[in-house]
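These protein sequence lines are chains E and U, in that order. Mapped onto my numbering, the consecutive letters of the first sequence carry residue numbers 107 to 521. Mapped onto my numbering, the consecutive letters of the second sequence carry residue numbers 107 to 521. We put the beta carbon where it would ideally sit given N, CA and C, even for glycine. Quick caveat, the model's predicted, so the values are computed rather than measured. Beneath this line is the structure, given in structure tokens, with notes to follow.
Protein chains: 2
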Amino acid sequence: MKRTSRDIRTANRYEVLRQIIAESPTSRQELAAATGLSLATVATLVGELLDLRMITEVGFEDSAGGRPRGLVAVNSSGGALIGVDIAETYVHVELFDLGLNVLARAEEDVRPSESLPEQVVGHVATAVGSVVMQAGIEGARVLGVGVSVPGQVDRATGTSEYAPNWDWHDVPLLDLLTEHIAYPLYLDNPLRASAVAELWFGAARGRGNAVVVNLGTGVGAGLVLGGGLHRGVSNSAGEWGHTTMVLDGRLCRCGNHGCVETYVGARGIMLNLREIGPDSALLHPDDQTATIDALARGVAADDPVARRAVHETARYLGAGVADLVNLFNPEIVVLSSWVARTLGEPLLHEVREAVARHALPRPLAATQIVLSPIPTDPVCLGAATFALEGALQAVGQRNGKRTTRARSRTTAPPS
Amino acid sequence: MKRTSRDIRTANRYEVLRQIIAESPTSRQELAAATGLSLATVATLVGELLDLRMITEVGFEDSAGGRPRGLVAVNSSGGALIGVDIAETYVHVELFDLGLNVLARAEEDVRPSESLPEQVVGHVATAVGSVVMQAGIEGARVLGVGVSVPGQVDRATGTSEYAPNWDWHDVPLLDLLTEHIAYPLYLDNPLRASAVAELWFGAARGRGNAVVVNLGTGVGAGLVLGGGLHRGVSNSAGEWGHTTMVLDGRLCRCGNHGCVETYVGARGIMLNLREIGPDSALLHPDDQTATIDALARGVAADDPVARRAVHETARYLGAGVADLVNLFNPEIVVLSSWVARTLGEPLLHEVREAVARHALPRPLAATQIVLSPIPTDPVCLGAATFALEGALQAVGQRNGKRTTRARSRTTAPPS
DNA sequence: CGCACTTTATAAAGCCCCTTTCCTAACCCC
DNA sequence: GGGGTTAGGAAAGGGGCTTTATAAAGTGCG
């Protein structure tokens with residue numbers, strides 16, 4: 107937990123690269139203005155990134171009558187990053203260039219019977235092999251693989267401490283993956299992955315305080331506090347899905363009653379729909395995706411049952427988000443994951459109104475609520491971002507320290 | 107929001123002083139071990155504090171066969187700090203020495219009719235004058251006055267943006283106080299004051315992540331995240347009292363239904379009691395303090411109504427605290443403020459059980475729940491701590507900066 | 001009593017990081 | 001081709017922390 111001046115450098119390095127990725131041909135001047143750093147610092151950081159071949163000089167730009175500005179841009183061919191999104195029913199893998207553009211995709215279905223770690227790892231290995239093949243990348247250029255797995259994760263040891271959907275306990279996932287994948291691996295969970303994706307490339311860019319609300323089958327929040335990801339003491343902060351919103355309310359799979367997830371998770375939304383229109387044709391009892399899709403179409407077609415179901419869902423969600431606004435006082439709340447994307451603007455609209463009814467006026471006024479602007483899978487993107495962070499962090503490390511220095515001093519010929 | 111190496115110094119200065127206050131005759135060696143800093147750094151920081159006369163050298167301690175360790179301790183007579191706790195019905199002021207021992211106290215009652223800022227400020231001024239007089243301190247030795255006022259506060263401008271109990275809106279409280287009080291003033295709210303008190307001197311000492319739950323007439327949480335106070339974007343983070351716990355539940359004074367405060371605030375506890383024993387002799391309908399006191403005595407005497415009321419309150423509180431545990435994943439949750447102190451161990455016991463029922467196992471296992479160990483008014487102590495932080499922060503500031511330097515360059519004779 | 005050894009505290013040097021300042025490079029325009 | 005202007009790099013400077021050397025102050029033993 108000790109802060110050192112090294113951390114400042116790392117943060118600045120992140121900030122500069124983030125800025126370059128966001129606005130790709132850009133000048134050092136622009137970077138200095140955007141980051142608040144001095145020109146000299148920006149220049150050295152840009153130099154570092156050039157040395158790493160993560161960015162390249164791409165030309166010049168006229169300056170008002172003086173020497174033209176040199177432009178730098180992400181070096182798309184400077185490396186590749188892989189993001190792996192392991193979910194209950196699928197493994198989704200994307201390979202990105204350094205501009206975080208998707209170069210290749212692969213998806214594997216995970217059947218309910220395939221809940222053994224080895225089986226899941228097999229799917230991951232296959233999919234990772236597939237994207238590398240598809241992209242025609244030589245292995246050495248893959249800078250790292252970020253892996254998101256649901257539940258609680260210990261990043262230091264690379265174990266999945268607890269994955270509720272498969273009832274995994276302390277599975278040494280990283281060790282298992284290492285046997286199949288030769289690239290540097292980074293493990294975390296989808297909440298933090300999507301939060302990091304928003305922080306680097308999405309709606310939370312440049313914000314010091316943001317809450318990324320994930321609405322999927324499960325529900326949770328990724329917390330960006332004080333400019334960085336908040337992990338909590340055991341890397342499990344953000345477990346918002348099992349917050350009690352209705353004391354003695356609906357039974358949740360976690361064993362408690364009235365959890366947020368039972369009202370605004372995909373299954374919860376299905377329950378909301380059933381309560382409103384038990385016979386509604388929108389309801390596909392065994393298919394969450396189909397039901398949410400149908401609900402979205404229903405809203406678009408002005409189906410009253412669909413509208414009421416979304417309204418009701420937004421009422422719960424609004425109360426929950428208002429709690430987050432009151433507690434964290436964020437600049438922005440981002441609604442992410444597939445349920446949020448599918449229901450889109452109509453849901454957002456209702457949520458904003460519901461939040462306005464519940465939240466305290468001052469924090470509310472300081473907060474905007476938006477849909478995630480990330481067009482692809484935010485979890486894959488976030489996982490890849492973990493790999494990018496890892497690659498960037500390694501820069502700062504001194505490599506050999508005393509052993510190397512001592513050896514080089516004795517073996518190197520005096521120049 | 108930019109981090110600079112200066113911030114590291116400030117944090118280390120805090121850390122060293124905190125350690126000295128906590129364990130008063132102590133050696134540089136111990137400080138280095140406790141803070142993780144090098145001996146040299148500790149020595150310079152100790153030197154700074156000696157120069158400021160905040161600490162003094164108090165003797166020597168035998169070392170195992172070498173030069174004896176120099177001991178330093180807080181210089182109690184090196185200055186005084188004042189903490190002001192403005193609440194709905196009273197103004198409480200305490201004057202501390204630098205060891206944060208109370209040297210003098212004053213209390214003023216604020217009648218419901220006296221809701222004008224000028225009236226409240228008058229009480230504060232009187233009480234501050236009184237404690238300075240009582241302690242027989244010369245004014246120059248007062249390093250600062252920390253003021254806690256309920257509601258939302260803008261520290262930069264020193265205004266009370268919104269105080270619900272008196273319906274204040276954007277009252278320039280610091281300006282008003284400056285007319286009566288000549289010492290440096292620091293403004294914030296009770297949630298953050300008690301959190302800082304726990305962080306410096308209480309149960310959160312040395313913890314990077316802690317949640318301080320305030321149980322009084324109002325309810326809220328002070329958040330210590332990543333080693334420091336989390337303020338949010340507009341300094342209103344921690345408003346936990348108006349989190350929805352029971353959708354469509356009890357009507358709250360904030361206009362919503364089912365807020366945490368309506369179940370675990372003093373008024374909420376009175377409602378719990380009334381529901382259980384409408385005719386109970388414990389109930390003093392118009393006196394919160396008396397009722398909570400009676401409830402505590404009832405529990406001690408094994409009164410079944412009292413026990414059930416506490417049990418029921420703990421059920422609500424446990425659900426709420428479990429939410430905080432899931433969301434923040436703190437190392438420790440501290441129950442603070444007068445309701446928590448009055449109900450004490452019996453409440454704590456029930457709350458622990460209730461939290462265990464609601465929280466996720468992993469975060470729960472990482473968290474302890476305790477009562478505040480601070481014997482005096484934590485809000486006064488915390489407010490005084492703000493003043494202490496302010497006095498220490500000012501050390502780092504370069505005084506004249508460029509104007510001074512430019513002037514000295516032109517006016518100073520060449521030496 | 002004196003010398004060797006131990007431990008503490010301070011001073012010096014080194015490294016890291018950021019900024020400011022100065023100077024050269026590169027371009028425009030007249 | 002010389003000002004004027006802007007970009008970018010190199011050097012100096014300031015703040016911070018650590019490691020290393022040195023001075024200071026004891027203990028212990030011959």
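Residues bridged to residue i [DSSP beta-bridge criterion]
{"i": "U/LEU477", "result": "U/LEU441"}
{"i": "U/SER254", "result": "U/ASP191, U/ASP294"}
{"i": "E/THR350", "result": "E/CYS365"}
{"i": "E/ASP215", "result": "E/TYR196"}
{"i": "E/TRP275", "result": "Correcting the residue identity first, residue 275 of chain E is His in this sequence and not Trp. The partner list for E/HIS275 (beta bridge, DSSP) reads E/TYR268."}
{"i": "E/GLN325", "result": "Here the sequence assigns Val to residue 325 of chain E, which means Gln is not the residue at that position. Note: E/VAL325 sits in a beta bridge opposite E/LEU321."}
{"i": "E/SER133", "result": "E/LEU177"}
{"i": "E/PHE166", "result": "E/GLY176"}
{"i": "U/ASP429", "result": "DSSP output for U/ASP429 lists no bridge partner at all."}
{"i": "E/LEU401", "result": "Note: E/LEU401 sits in no beta bridge, so no partner."}
Exposure label - residue i; buried when at least 16 CB within 10 Å
{"i": "E/ASP260", "result": "buried"}
{"i": "E/HIS455", "result": "exposed"}
{"i": "U/HIS275", "result": "exposed"}
{"i": "U/LEU466", "result": "buried"}
{"i": "U/TYR369", "result": "buried"}
{"i": "U/PRO484", "result": "buried"}
{"i": "E/GLN125", "result": "buried"}
{"i": "E/ASP354", "result": "exposed"}
{"i": "U/GLU244", "result": "exposed"}
{"i": "U/GLU267", "result": "buried"}
{"i": "U/SER169", "result": "exposed"}
{"i": "U/GLN240", "result": "exposed"}
{"i": "E/THR349", "result": "buried"}
{"i": "E/ARG600", "result": "The requested residue 600 of chain E does not occur in the structure, where chain E is confined to residues 107 to 521."}
Cβ of residue i within 8 Å of any chain U Cβ
{"i": "E/ARG511", "result": "With a pLDDT of 33 at E/ARG511, under the threshold of 50, the modelled position of that residue is not reliable, and no figure is offered here."}
{"i": "E/GLN258", "result": "yes"}
{"i": "E/TRP346", "result": "yes"}
{"i": "E/THR349", "result": "yes"}
{"i": "E/TYR120", "result": "no"}
{"i": "E/GLU433", "result": "Per the sequence shown, residue 433 of chain E should be read as Leu rather than Glu. Answer yes: the Cβ-Cβ gap between E/LEU433 and chain U drops below 8 Å somewhere."}
{"i": "E/GLU553", "result": "Shown here, chain E extends from 107 to 521; a query on residue 553 of chain E therefore has no answer."}
{"i": "E/ARG373", "result": "no"}
{"i": "E/ALA472", "result": "yes"}
{"i": "E/LEU291", "result": "no"}
{"i": "E/SER111", "result": "yes"}
Beta-carbon separation (whole angstroms), residue i vs residue j, contact threshold 8 Å
{"i": "E/HIS286", "j": "E/VAL227", "result": "7 Å"}
{"i": "E/LEU423", "j": "E/VAL457", "result": "5 Å"}
{"i": "U/ALA297", "j": "U/GLY344", "result": "Reading the sequence as shown, one finds Leu at residue 297 of chain U and not Ala. Yes, they are in contact, since the Cβ atoms of U/LEU297 and U/GLY344 sit about 5 Å apart, within 8 Å."}
{"i": "U/LEU293", "j": "U/VAL255", "result": "7 Å"}
{"i": "E/ARG94", "j": "E/ALA446", "result": "It is not possible to answer for residue 94 of chain E, since the shown part of chain E is limited to 107 through 521."}
{"i": "E/PRO131", "j": "E/LEU177", "result": "5 Å"}
{"i": "E/LEU379", "j": "E/ALA415", "result": "4 Å"}
Short CB-CB distance (under 8 Å) between residue i and chain E
{"i": "U/GLU381", "result": "no"}
{"i": "U/ASN315", "result": "yes"}
{"i": "U/VAL339", "result": "yes"}
{"i": "U/SER221", "result": "no"}
{"i": "U/LEU331", "result": "yes"}
{"i": "U/GLY142", "result": "yes"}
{"i": "U/VAL103", "result": "The displayed coordinates of chain U run from 107 to 521. Any statement about residue 103 of chain U would go beyond what the structure contains."}
{"i": "U/ILE114", "result": "yes"}
{"i": "U/PRO469", "result": "yes"}
{"i": "U/PRO436", "result": "yes"}
{"i": "U/LEU357", "result": "no"}
Between the region 200-208 of chain U and the region 484-492 of chain U, are three or more C-beta pairs nearer than 8 Å? yes
Contact between the region 315-328 of chain E and the region 389-399 of chain U (3+ Cβ pairs under 8 Å): no
Just checking, does the region 171-184 of chain U make contact with the region 461-480 of chain U on the three C-beta pairs under 8 Å criterion? no
Are the region 380-392 of chain U and the region 429-436 of chain U in contact at 8 Å, needing three or more beta carbon pairs? no
Does the count of Cβ pairs from the region 322-339 of chain E and the region 435-445 of chain U closer than 8 Å reach three? yes
Would the region 323-333 of chain E and the region 142-152 of chain E be scored as touching if the rule is three or more Cβ pairs under 8 Å? Not touching, per the Cβ criterion.
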